[in-house]
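Residue numbers (the numbering used here): 933 to 1012.
This is the structure:
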């Protein structure tokens, strides 16, 4: 499995989605989701944009670095 696929799986699991549900959000079949996570296929920009709508940390998926925006959202939630 490649690193991008591993990080994509981590984000899916963090958000508590099944592969089939995550695939549906991204507008692909479950088989494609499996291939993305296994590193057998690269996801499209359209797929990634759809995942961003459900708060997938795309910076992390693509680079391995966590988004500060996500961190600050968690801090704001604790304060309020």
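No residue lacks a Cβ here, since even glycine has one placed at the ideal position from N, Cα and C. Just so we're clear, the structure is a prediction, and the values are computed from it rather than from any experiment.
With DSSP run on the structure shown, which of helix, strand or coil describes residue 973?
Reading the chain shown from its first residue, position 41 is the one you call residue 973. Coil.
What are the boundary residues of the alpha helix (DSSP H) that residue 958 is part of?
Within the chain shown, numbered from 1, the residue matching residue 958 stands at position 26. Here the alpha helix (DSSP H) through residue 958 covers 951-958.
Three or more beta-carbon pairs under 8 Å between the region 981-989 and the region 949-961, yes or no?
yes
Which listed residue (934, 965, 997) has its alpha carbon closest to that of residue 980
Against the chain shown, residue 980 aligns to sequence position 48. Answer by Cα proximity: 965.
Supposed contact pair residue 990 and residue 936 - C-beta distance, whole angstroms, cut 8 Å:
Counting from 1 along the chain shown, the entry for residue 936 is found at position 4. Counting from 1 along the chain shown, the entry for residue 990 is found at position 58. Rounded, the Cβ-Cβ distance is 11 Å, inconsistent with contact.
Cβ neighbour criterion (16 or more within 10 Å) applied to residue 972:
Your numbering for residue 972 matches position 40 in the chain shown. Exposed is the call here.
Here's the rule I'm using: 16 or more other beta-carbon atoms within 10 Å means buried, otherwise exposed. How should residue 961 be labelled?
Mapped onto the chain shown, residue 961 falls at position 29. Residue 961 comes out exposed.
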